[in-house]
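Down below is the structure, laid out as structure tokens.
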Amino acid sequence: MDTQAGRVVVGYDGSPHAGAALDWAAAYARRRHLPLTVLNVVDYLGQLPATLPTVPMPRRVEEVAGQAAQQVTTEGVHRAHRQAGSIDITAVTHVSRVAYSLIEHSREATLLVVGTRGHGELSGALLGSVAFAVSGHAHCPVLVVRGDTALPPGPDRPVVVGVDASPGSDAAVCFAADQADADAADLIVVTAYQSLSAQISPEGRSFDETVRQAAELAVTAATDVAERRCPGLSVVPRVTAGSVAEVLTGTADGAGLVVVGARGHGGFAGLRLGSVSHHLIHSSPCPVAVISDAEADRSEADPGPSQLEQCDPSRSGPSSLPPTPTSDED
């Protein structure tokens, strides 16, 4: 496996949605002064009908298909250079399962970027399902770019982060605060609670009041984390009654980025973020960053400032096609 230490890795198959992801990743790498890897995964077997027996692909067909795949990768590199100028861009074309290869490349990456879906006549990179797969298993933050275009966070496009007081939530807050601070954007810290009943607890409070107070405590704690991490950052706490997924989707309207943990374990059902990331990948009006369980574990073990910039150094995976030559020329 090629080392991706400190790099932004973007999955690219030539489709419009993958192109939008590539543009976003290239612009992000340029703004952050980070190297970029354009990764095209060729899944030949994934395109064969299930009724056909698995047979070796004729060598000539494999060579032609490989050349065509590398051409797609090279076109992606040229497009990235038009967006990002002279930053370090590496092209990689792999023969492998798409989700597996993306997850393996995330082991040392700073950020993994994918689109919501692709067409992949050669790669079979159906990124709609791939986005769901990698968001829960990647070793670094995963950013899913929805739609054909996406503007980055900025003064008029805040970063939104969903919180529930879990370790995954803490890691999400740190990542979101870093992004908002770097792009001079406001950070909106959001949690939601669902109405339970009008019954009165033994302490004389309604259960709704108890749940709301728990949500307020989660937002207050997350706001403190963000302000300590990025002094001077404009942080806006928000507690809203309703479905977590719907509240976050509504808050994300007009935002530049929405950030959630891959899973959560809040003490109340209304605060759980378990499937919220999947809902946002499907319906968010802006790009979605999902902070994996691996990031949450590192956040809990090492709360230092560099926790989100370091990923698992171990690496393994399938062999790749020869690296595609890169060029600064369009």
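Following the numbering used here, the numbering of the sequence shown begins with 4 at its first residue and continues without gaps.
By construction, the Cβ of each residue, glycine as well, lies at the ideal position given by its N, Cα and C atoms.
No experiment lies behind these values; they were computed from the predicted model shown.
- Within the DSSP bridge table, the entry for Ile92 names Leu39 as partners.
- The straight-line gap separating the alpha-carbon atoms of Val293 and Pro234 is approximately 24 Å.
- For Arg85, the three-state secondary structure derived from DSSP is helix.
- Under the three-state reduction of DSSP, Arg10 is assigned to coil, being neither helix nor strand.
- The way I'd put it, the stretch 280-293 does touch the stretch 249-259; three or more beta-carbon pairs between them come closer than 8 Å.
- Counting only the Cα atoms, Gln7 lies some 20 Å from Glu78.
- By the Cβ test, the stretch 30-37 is not in contact with the stretch 95-112, since fewer than three Cβ pairs between them sit closer than 8 Å.
- By the Cβ criterion, the stretch 109-118 is in contact with the stretch 13-21, since at least three pairs of Cβ atoms, one from each stretch, lie closer than 8 Å.
- As for any alpha helix (DSSP H) of minimum length 4 sitting wholly inside the stretch 188-252, the runs are 210-232, ordered along the chain.
- At a Cβ-Cβ threshold of 9 Å, Ser109 and Gly264 do not count as neighbours.
- Val147 and Ser18 have their C-alpha atoms spaced approximately 15 Å apart.
- Between Val192 and Pro158, the C-beta gap is not smaller than 9 Å, which leaves the two residues out of contact.
- Distance from the Cα of Ala218 is smallest, within the candidate group Ser246, Arg232, Ser237 and Pro290, for Ser246.
- Val214 sits away from Leu190, with the two beta carbons spaced by 9 Å or more.
- Spanning the alpha carbons of Ala21 and Val176 requires a straight line of approximately 27 Å.
- Less than 9 Å separates the beta-carbon of Ala28 from that of Leu39.
- Around Val101, the same chain offers Val44, Asp46, Ala128 and Val133 as residues with beta carbons nearer than 6 Å, after the five sequence neighbours per side are excluded.
- Within the same chain, Cβ atoms closer than 6 Å to the Cβ of Val291 are found at Val147, Val261, Leu283 and Ile284, the five residues on either side in sequence being excluded.
- Distance check between Ala255 and each of Ser286, Val137 and Ala244 places Ser286 closest, using alpha-carbon atoms only.
- Asp181 counts as buried, since at least 16 other C-beta atoms from the protein chains shown sit within 10 angstroms of its C-beta.
- Contact check for Val41 against Ile106 fails: the beta carbons are separated by 9 Å or more.
- According to the DSSP assignment, Val279 belongs to the alpha helix (DSSP H) that extends over Val279 to Ser286.
- If you look at Ala292, you'll find it in the beta strand (DSSP E) that goes Val291 to Ile294.
- Annotated as distal: Val80 and Leu114, with beta-carbon spacing of 9 Å or more.
- Of all alpha-carbon atoms in Pro155, Leu154, Asp211 and Tyr31, the one lying nearest the alpha-carbon of Gln197 is that of Asp211.
- Remark: C-beta atoms of Val164 and Ala229 approach each other more closely than 9 Å.
- Pairing Ser89 with Gly9, the inter-Cα distance amounts to about 17 Å.
- For the pair Ala30 and Pro156, the Cα-to-Cα distance works out to about 12 Å.
- The straight-line gap separating the alpha-carbon atoms of Ala244 and Gly139 is approximately 27 Å.
- In this structure Asp167 is in contact with Ala221, their Cβ atoms being roughly 6 Å apart against a cut-off of 8 Å.
- Judged by DSSP secondary structure, Leu114 falls within the beta strand (DSSP E) whose first and last residues are Leu114 to Gly118.
- With a cutoff of 9 Å on beta-carbon distance, Gly259 and Asp186 are scored as near each other.
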